[in-house]
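Written below as structure tokens is the structure these notes are about.
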Amino acid sequence: MTEWAIEADGLRRTYRSRTGWLRPRRQEVEAVRGVSFTVRRGELFGLLGPNGAGKTTTIKLLNTLLIPTAGTARVCGHDVVRQTREVRRHIGYVFGGDRGLYDRLSALDNLRYFAELYGVPPRGQRARISALLELVGLDGRERERVEGYSRGMRQRLHIARGLLHEPDVLFLDEPSIGVDPVAARELRRTVAGLAETGTTVLLTTHYMAEADELCDRIAVIAGGRIRALGTPAELKHHADGRRVLEVEAYGVPDARLAEIQDLPGVREVSVETVGAAQMLTVQSDAGTDMQSHVLGVLNGIRLGRVTARQPTLEDAYVSIVNAHRPEKVAA
Amino acid sequence: MLAVGTLLHAKHLSRSPLEITIALLVPVVQATLAVYLFRSGAEPHRLLEAAVGAGLMGVWSSVLFGSGGAIQNQRWQGTLEMIMLAPRPPALVILPITLATALTGTYAMIATLLWGRLLYGIRLDFADPLAFAAAAPGCVLGLGMFGLLLASTFVLLRNANALANTMEYPIWLVSGMLVPVTVLPPWTNPIAAVLPTTWGARAVREAVTGGPVWPSLGICLAISAGCLVLGAVSMSYVERRARAAATLALA
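Top line first, the protein sequences correspond to chains R and H.
Following numbering that gives the first Met the number 0, the numbering of the first sequence begins with 0 at its first residue and continues without gaps.
Following numbering that gives the first Met the number 0, the numbering of the second sequence begins with 0 at its first residue and continues without gaps.
Structure representation (structure tokens):
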């Protein structure tokens with residue numbers, strides 16, 4: 000038995016589409032451009048990246064839903080293209096969002112159906128389903144139709160479904176998307192528990208705190224390529240020699256952002272909109288105190304909280320991703 | 000697996016108010032038209048045939064749109080990827096869906112028979128009630144298996160409903176669900192002969208009016224079994240194509 004649960008070697012995937020009948024236009028999008036990595040058995044491995052980076056495509060290449068345009072991948076030693084059924088016996092797949100369940104059926108019926116489909120022996124089905132309902136906290140609500148479930152409950156049902164056949168490798172594609180903080184914390188606890196029992200987990204997420212808390216190793220993917228790979232502590236080194244200034248502001252025009260970006264010593268500027276406010280994160284060289292310069296550029300603009308702090312994994316992530324973007328101001 | 004899958008898919012389909020309304024209303028409207036046509040044609044003895052024929056049309060419509068539409072629905076629900084990920088042959092994953100659409104199609108048959116009895120006083124005088132009790136489920140099973148072949152072509156097309164729309168009326172017409180195939184142009188006969196719908200409809204009609212039910216039912220099930228094998232092979236090919244073309248999900 001190989002020590003690797005997942006082996007990806009030079010995976011590439013190109014999507015081809017055609018629009019129009021009379022004058023058809025063909026379009027090619029290279030979503031994954033040569034991704035290679037390995038995941039040990041029992042490891043919790045994170046795949047981080049912005050939207051459109053190729054995270055979901057990579058997962059779908061590994062879980063047999065897509066065939067790679069080039070490259071090879073093995074899961075539990077089985078080739079994902081040639082030994083599809085063997086791979087499927089060993090994997091579970093959970094994705095975030097509302098879809099993927101039979102809404103007009105109860106949670107129990109959903110789990111019964113997928114238990115049959117995934118080959119859970121009939122004799123053990125009842126006990127397995129009960130145990131999973133308890134694990135995800137849906138016991139007592141299992142006879143209600145899924146259409147009446149909250150997003151968090153659906154997400155927990157997704158997880159129960161993905162674990163029905165006790166997979167060796169679990170693919171979690173942004174499982175906490177749209178889930179409230181309390182439910183997300185529960186979810187993280189469940190995922191951590193799975194890893195402790197020896198299940199290999201490949202997790203994609205947008206939430207750095209989630210990745211930092213859970214993952215043994217993280218690969219940062221952007222533009223279809225892996226840009227950095229290591230433990231969370233190792234990845235944080237990408238932001239070494241920097242300091243971070245966070246400024247809450249209201250209505251900062253693009254021209255001012257460009258001005259901040261051009262300040263000597265500034266490495267990255269990113270903007271996140273939080274309600275009516277914008278949260279500016281300015282990364283600069285550690286030896287430079289940027290606060291007065293940045294506030295000078297923002298003169299006349301309504302400001303809120305201003306904080307200087309040490310870089311986090313999120314800052315490292317921003318620095319890795321932005322290093323491979325043509326423009327430096329990331330929204 | 001097949002039984003649980005079929006029953007749960009039938010349960011899911013049966014809980015859609017829109018689908019149930021369409022499944023019950025359209026055949027009743029068609030049966031009404033047929034009754035008036037037969038009456039004006041001085042063929043009142045064929046009213047039961049009209050009710051049964053309209054019911055069969057309902058079963059066919061349910062299978063046709065069910066096989067295509069249900070798979071499209073699986074895509075919309077995001078469940079197509081999840082069911083195709085099962086470590087089972089793709090045909091075994093899809094067959095319960097097509098069988099379920101045939102099963103829910105029987106609502107149409109029940110609706111047209113009840114409608115005929117209650118509204119027009121059509122007596123349910125089947126020539127061979129026992130044969131009818133076998134022919135109707137046999138026909139439903141056959142159409143469910145035929146549905147797999149349809150499904151294997153629909154799974155690759157994102158706009159499969161366009162194909163389904165063009166197939167609905169020609170098939171029930173050519174299969175002789177309402178009028179016997181003998182009154183249709185001769186060039187339709189070879190087409191009719193290879194369709195399981197033709198033999199299923201004939202078996203059910205013979206159970207109603209009298210005639211050799213079992214050979215027709217046997218041919219219906221034999222052709223359907225052929226479609227099942229063809230559909231299974233095709234489904235494996237199509238699944239691989241869908242993985243290559245990325246058509247299992249919406250995006």
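Using N, Cα and C, we set each Cβ at its ideal position, and we do this for glycine too.
Here the structure is a predicted model, which is why all the values come from computation and not from measurement.
Taking C-beta separations shorter than 8 Å and ignoring five residues to either side along the sequence, the partners of alanine 135 of chain H in its chain run Thr105, Met108, Val203, Ala206, following chain order. When C-alpha distances from arginine 81 of chain R are compared across R/Leu61, R/Arg12, R/Gly41, R/Gln309, the shortest belongs to R/Leu61.
For glycine 33 of chain R, the enclosing beta strand (DSSP E) covers residues 24-39. In terms of Cβ geometry, alanine 182 of chain R and isoleucine 319 of chain R do not form a close pair [threshold 8 Å].
Any Cβ of chain H closer than 8 Å to the Cβ of arginine 24 of chain R would place that residue at the interface, and such an atom is absent.
In this model, aspartate 102 of chain R and valine 182 of chain H are separated by some 46 Å (Cα to Cα). In the three-state reduction of the DSSP assignment, serine 291 of chain R falls in the helix class, which pools H, G and I. Straight through space, the alpha carbons of glycine 161 of chain R and glycine 139 of chain R are spaced by roughly 20 Å.
Taken in chain order, the complete alpha helix (DSSP H) segments of 4 residues or longer contained in the stretch 31-116 of chain H are 46-76, 78-83. DSSP places phenylalanine 145 of chain H within a helical segment (H, G or I) once states are collapsed to three. Residue pairing for aspartate 284 of chain R: DSSP places it in a beta bridge opposite R/Arg241.
Assigned with DSSP and collapsed to three states, histidine 8 of chain H falls in helix. Judged by DSSP in its simplified three-state form, threonine 56 of chain R adopts helix. At least 8 Å separates the beta-carbon of serine 283 of chain R from that of arginine 308 of chain R.
Valine 34 of chain H places its beta carbon less than 8 Å from that of leucine 46 of chain H. C-alpha of threonine 199 of chain R to C-alpha of valine 237 of chain H: approximately 31 Å in a straight line. Only Glu115, Leu116, Tyr117, Gly118 from the stretch 115-135 of chain R bring a Cβ to less than 7 Å from some Cβ of chain H. For asparagine 50 of chain R, none of the residues of chain H pass the 9 Å Cβ criterion, the least Cβ distance being about 12 Å. Around alanine 210 of chain R, the same chain offers Gly45, Leu47, Thr204, Ile217 as residues with beta carbons nearer than 6 Å, after the five sequence neighbours per side are excluded.
The three-state secondary structure of arginine 88 of chain R, taken from DSSP, is helix. In the pairwise beta carbon analysis, the stretch 105-113 of chain R is classified as touching the stretch 150-166 of chain R: at least three pairs are separated by under 8 Å.
The beta carbon of aspartate 78 of chain R does not come within 8 Å of any beta carbon belonging to chain H, so the residue lies off that interface. Each residue's CA atom was taken as its position, placing glycine 197 of chain R and arginine 87 of chain H some 25 Å apart.
Secondary structure note for serine 175 of chain R: it is in no beta strand (DSSP E), with a DSSP letter that is neither H nor E. Scanning chain H for C-beta atoms nearer than 7 Å to the C-beta of leucine 104 of chain R yields Leu7, Lys10, His11, reported in chain order.
With a threshold of 16 other beta carbon atoms within 10 Å, alanine 192 of chain H falls short and is exposed. If you check each beta-carbon in the stretch 63-80 of chain H against every beta-carbon of chain R, the ones closer than 9 Å belong to Trp75, Gln76, Gly77, Thr78, Glu80.
The residue among R/Arg84, R/Gly192, R/Glu143 with its C-alpha nearest the C-alpha of leucine 134 of chain R is R/Gly192. One alpha carbon belongs to leucine 279 of chain R, the other to glycine 250 of chain R, and they sit about 11 Å apart.
Between aspartate 108 of chain R and chain H, the shortest Cβ-Cβ separation is below 8 Å.
In terms of Cβ geometry, alanine 69 of chain R and arginine 11 of chain R form a close pair [threshold 8 Å].
Not flagged as an interface residue toward chain H: glycine 19 of chain R, since no C-beta distance is shorter than 8 Å.
CA-to-CA, the gap between leucine 294 of chain R and aspartate 314 of chain R works out to about 20 Å. Sequence-distant Cβ neighbours of isoleucine 220 of chain R in its own chain, meaning closer than 8 Å and more than five residues away, are Val34, Leu46, Leu47, Gly48, Ala52, Gly53, Lys54, Thr57, Arg226.
Contact annotation: the stretch 82-98 of chain R touches the stretch 145-160 of chain R, with at least three C-beta pairs closer than 8 Å. With contacts defined by Cβ atoms closer than 8 Å, leucine 137 of chain R and alanine 159 of chain R form a contacting pair.
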